[in-house]
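Quick note, the sequences are listed as chains C and S, same order.
Residues in the first sequence are numbered consecutively from 4, following this note's numbering.
Residues in the second sequence are numbered consecutively from 4, following this note's numbering.
Every residue, glycine too, gets a C-beta built ideally from N, C-alpha and C.
Model, not experiment: these values are computed from the prediction.
Beneath this line is the structure, given in structure tokens, with notes to follow.
There are 2 protein chains.
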Amino acid sequence: MSDIRPIGIFDSGIGGLTVLRAIHELLPSESIVYLGDTARVPYGTKSRETIIRYSVNNARFLLNEGVKMVVVACNTASAHALEDVARLTTNPVIGVVEGGVIAALKEASGAIGVIGTEATIRSNKYPLEINRLQPGIKVFSKACPLFVALAEEGWTDNEVAHAVAKEYLEEFKGTIGALVLGCTHYPPLKGVIRSVLGEHVRLIDSAEETARIVGERLENLGMRALGAQRGKITMAVTDSPERSLEVGRRLLGRDLEISGVTLVDIL
Amino acid sequence: MSDIRPIGIFDSGIGGLTVLRAIHELLPSESIVYLGDTARVPYGTKSRETIIRYSVNNARFLLNEGVKMVVVACNTASAHALEDVARLTTNPVIGVVEGGVIAALKEASGAIGVIGTEATIRSNKYPLEINRLQPGIKVFSKACPLFVALAEEGWTDNEVAHAVAKEYLEEFKGTIGALVLGCTHYPPLKGVIRSVLGEHVRLIDSAEETARIVGERLENLGMRALGAQRGKITMAVTDSPERSLEVGRRLLGRDLEISGVTLVDIL
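See the structure below:
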């Protein structure tokens with residue numbers, strides 16, 4: 004049996020498209036509905052209550068679209084609202100923290116650094132999960148709010164990007180073996196982060212590991228879309244599609260390969 | 004007759020507290036209700052339609068609180084939604100663009116620069132208003148989205164702040180006589196902006212001029228709160244009050260002098 008219902012993915016904005024891309028590359032026959040809550044982005048500066056409220060709202064939209072699984076492709080929402088989203092459905096719900104933690108434990112030797120939004124770091128989710136799976140590992144976390152603004156501005160390799168990375172990350176130098184990029188906006192900044200921390204520090208981007216977990220879970224539950232046909236990818240946003248496409252292109256570094264973006268009213 | 008109804012002020016977040024402070028200093032007997040829409044901040048990256056929707060929503064809350072005037076203390080909302088807010092009421096509605104334009108024309112010799120959020124610059128409101136009042140003046144505008152993140156992070160005088168200011172403003176050097184700080188988040192960055200542009204460029208912060216206009220308008224309409232009693236200041240936010248107070252303190256550089264902040268549900 005082939006389960007051709009789409010996978011639902013939501014993010015506070017369009018950063019989660021990096022997760023969409025990884026899932027699509029690994030599981031090309033799966034259809035995907037992506038929701039970017041661009042009218043209320045960012046979540047990383049908001050309170051836990053508000054993050055939960057928006058996340059539940061987004062997940063409800065996806066479930067109404069008939070998705071077979073909900074992927075919370077936003078670290079802030081995964082850190083605060085995963086349980087609340089999971090309570091809405093019997094379908095599997097997967098966040099990006101799990102993938103980041105597993106990838107970090109695979110790659111790390113020594114202490115692990117975690118960077119993310121204010122809300123993600125405040126949640127303490129990464130240190131707790133890392134130590135649940137492997138007690139005793141030292142975890143250093145730091146909120147890096149300006150990285151989001153840099154990535155959205157497309158300033159990933161100029162003087163400003165270097166100064167910001169130095170200001171945030173110099174304290175990690177020499178103390179960590181791996182750094183979890185705990186926000187979907189950070190991967191474009193890998194180069195400048197590496198220039199501060201050095202080549203030997205592994206930079207953990209949870210997108211690929213999350214895609215692997217998604218595939219594994221669907222497989223185990225007998226929910227894969229089988230066959231050679233490529234899945235259909237649709238994207239919805241809560242604010243004007245134009246800017247989403249523009250910022251999305253800047254983040255992904257090339258065309259989105261998504262034909263249309265729909266504006267939906269879920270507020 | 005003394006009109007003791009409060010003045011209503013709203014902003015996308017807590018940057019508008021600089022406007023509240025200016026109004027309170029000029030008109031200490033006026034009571035003020037301030038609403039910061041911290042659950043949906045920022046507006047500067049959102050579309051015109053969304054900015055109008057949120058602004059109308061905020062103004063309705065203030066009008067329900069019985070305010071005699073609505074001050075839109077957010078440049079982005081003033082640039083896009085002032086007419087829509089004005090249509091909700093027969094009470095006076097005042098934005099911050101007007102004050103910025105008047106102050107710039109008073110102070111400027113030669114061309115005027117305007118910086119603001121993406122949405123404020125995209126609206127073209129400042130150049131249009133400046134040229135309506137004084138045709139022929141050259142206006143150069145530029146969106147400076149990272150300035151908001153810098154001000155919120157409290158990085159107003161470090162290496163990063165200097166690098167960002169240089170990246171954005173170097174092109175203005177030698178071409179303008181005044182620069183309108185077209186976002187309530189920018190005043191804390193005055194020092195670093197001045198270090199790029201030089202001491203001779205006048206930096207225009209619309210808060211004081213807006214307070215003057217508010218006082219004049221109330222006076223002309225016979226709507227002043229008279230007497231020696233100090234007005235009551237109350238503040239409401241749409242997301243958790245804690246962070247608002249913290250960021251507010253960073254922005255105002257000292258205690259807010261506001262006793263309590265209420266969380267309101269207007270979403």
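Cβ of residue 149 of chain S within 7 Å of any chain C Cβ: yes
Chain C within 7 Å of residue 49 of chain S, Cβ atoms only: yes
Straight-line gap, residue 177 of chain S to residue 188 of chain S (C-alpha atoms, nearest Å): 24 Å
Between the CA atoms of residue 213 of chain S and residue 163 of chain C - distance to the nearest angstrom: 33 Å
Proximity test, Cβ basis, 7 Å: residue 252 of chain S and chain C: no
Short CB-CB distance (under 7 Å) between residue 162 of chain C and chain S: yes
Residues of its chain near residue 185 of chain S, where Cβ-Cβ distance is below 7 Å and the 5 sequence neighbours each way are ignored: 78, 103, 117, 118, 119, 123 and 129
Those residues which DSSP pairs with residue 144 of chain C across a bridge: C:117
Sheet register partners of residue 39 of chain S (DSSP bridge): S:14 and S:240
Proximal residues to residue 69 of chain S (C-beta, below 6 Å), its chain only, five neighbours per side dropped: 8
Buried or exposed by the 16-neighbour rule on C-beta atoms within 10 Å, applied to residue 98 of chain S: buried
Collapsed DSSP secondary structure at residue 102 of chain S in the structure displayed: helix
Reference residue 21 of chain S, options S:250, S:42, S:201 and S:57, closest by Cα: S:250
Limits of the beta strand (DSSP E) - the one that residue 205 of chain S falls within: 205-207
Distance CB(residue 76 of chain C)-CB(residue 17 of chain C) smaller than 7 Å: no
Neighbourhood of residue 81 of chain C by C-beta distance below 7 Å, restricted to the same chain and skipping five residues each side: 75, 98, 99 and 100
Straight-line gap, residue 71 of chain S to residue 5 of chain S (C-alpha atoms, nearest Å): 12 Å
Assumed close pair residue 28 of chain C, residue 234 of chain C - CB separation to whole angstroms, cut-off 8 Å: At roughly 12 Å, the Cβ-Cβ gap does not stay under 8 Å, so residue 28 of chain C and residue 234 of chain C are not in contact.
Test: residue 167 of chain S CB closer than 7 Å to a CB of chain C: yes
Min CB distance residue 125 of chain C to chain S below 7 Å: no
Whole-angstrom distance between residue 196 of chain S and residue 228 of chain S, CA atom to CA atom: 38 Å
Per DSSP, the bridge partner or partners of residue 181 of chain S: S:115 and S:205
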